[in-house]
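Residue numbers (the numbering used here): -6 to 168.
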Ligand code: HEC
Ligand code: HEC
Ligand code: HEC
Ligand code: HEC
């Protein structure tokens, strides 16, 4: 009996150890909030000329304007070699799933807080599988200040509805 308990204990320990050691990704994230159909970008960009000039986009992406984000422009973040990737300042290509690395280059403190689950939103268990919302789930990279949601109206105090029951018109008619 004791032998069996020991065995179970070691198996559990092994599973825990295994899961933590061989976790495939350090910061698992949901799929990036890209507009459906826009990816792969290369469907269109394969044959398009690169245009690094700052301008108002007219033929596509008309909704994208860089606002409240300093002196940034498209190829500071997007990779001119492969539009399906983002680009770090050192030229390294990263996937859209790893966009937090891009943001962290300039917002290092926030990235550190994000990794610890202080900034942003982390779900899952403390010692198990976690999932992190990407920065871009909450901040538009092209206009990043967080836009607060419109607050719901305040709830009605239960007292007010309990003390003065509204007489239902239909009920009155039927008597
Ligand atoms: C349906 C076709 C289409 C798709 C899909 C598309 N683009 Fe574009 N993109 C364009 C066109 C056309 C322009 C040129 C717009 C202009 O100059 O007014 C453009 C311009 C751009 C530019 C400006 C720089 C340049 O070289 O003109 C960037 C950056 C860009 N796209 C990024 C992306 C990214 C990132 C994706 C995927 C997430 C994407 N695009 C998906 C058609 C597309
Ligand atoms: C500060 C970095 C940064 C700059 C500057 C920037 N982008 Fe982006 N862009 C991103 C990131 C990060 C994403 C991915 C968002 C996501 O994962 O949903 C993105 C997404 C996109 C998409 C996909 C949008 C969608 O609807 O899903 C397009 C198109 C795009 N960028 C075009 C541009 C163009 C054009 C410019 C220049 C006018 C530009 N970007 C400038 C970081 C940047
Ligand atoms: C190259 C540096 C750089 C990169 C990369 C960058 N940012 Fe920024 N970010 C800035 C600067 C500079 C400002 C301040 C701009 C201003 O105040 O006009 C800023 C402002 C912001 C703000 C608003 C801060 C406030 O006080 O309201 C947010 C949010 C933000 N960035 C998020 C992001 C996200 C998300 C990404 C990745 C997609 C990102 N940034 C990538 C430099 C950067
Ligand atoms: C779950 C949503 C969420 C996620 C994910 C998130 N943020 Fe934020 N962020 C916020 C909110 C809310 C604020 C506060 C805005 C305010 O106070 O007006 C904020 C504020 C900021 C600010 C300005 C204030 C400051 O602390 O400097 C920056 C910069 C910023 N976030 C960057 C990032 C970056 C970079 C990431 C990813 C590593 C990220 N955020 C992930 C929601 C989020």
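C-beta: ideal position from N, C-alpha, C; glycine also.
In terms of residue numbering, what span does the alpha helix (DSSP H) encompassing residue 108 cover? That run of the alpha helix (DSSP H) goes 101 to 109.
Exposure of residue 93, with buried meaning 16 or more beta-carbon neighbours within 10 Å: With 16 or more other Cβ atoms inside 10 Å of its own Cβ, residue 93 counts as buried.
Going by the C-beta, is residue 136 closer than 8 Å to any heavy atom of ligand 4? No - ligand 4 has no heavy atom lying nearer than 8 Å to the Cβ of residue 136.
Whole-angstrom distance between residue 118 and residue 50, CA atom to CA atom: Going from the Cα of residue 50 to the Cα of residue 118 covers about 44 Å.
Can you tell me which of the three DSSP states residue 83 falls into? Reduced to three states, the DSSP call for residue 83 is coil.
Among the candidates 73, 20, -4 and 87, whose CA atom is the shortest distance from the CA of residue 116? Scanning 73, 20, -4 and 87 for the CA closest to the CA of residue 116 turns up 20.
Could you say which of 99, 97, 26 and 70 lies nearest to residue 86 if we only look at CA atoms? Comparing Cα positions, the closest option is 70.
What three-state label does DSSP hand residue -4 in the structure shown? Of the three classes helix, strand and coil, the one that applies to residue -4 here is helix, per DSSP.
If you reduce the DSSP assignment to three classes, tell me which class residue 117 lands in. In the structure shown, residue 117 sits in a strand (DSSP, three-state: E or B).
Is the separation between the beta-carbon of residue 67 and that of residue 88 shorter than 9 Å? Not a contact, by the Cβ cut-off of 9 Å.
Below 8 Å CB to CB, which residues in the same chain sit around residue 27 once its five sequence neighbours on both sides are set aside? 89, listed in sequence order.
By Cβ distance below 6 Å, which residues in the same chain neighbour residue 35 in space, the five residues on each side in sequence not counted? The residues are 76 and 77.
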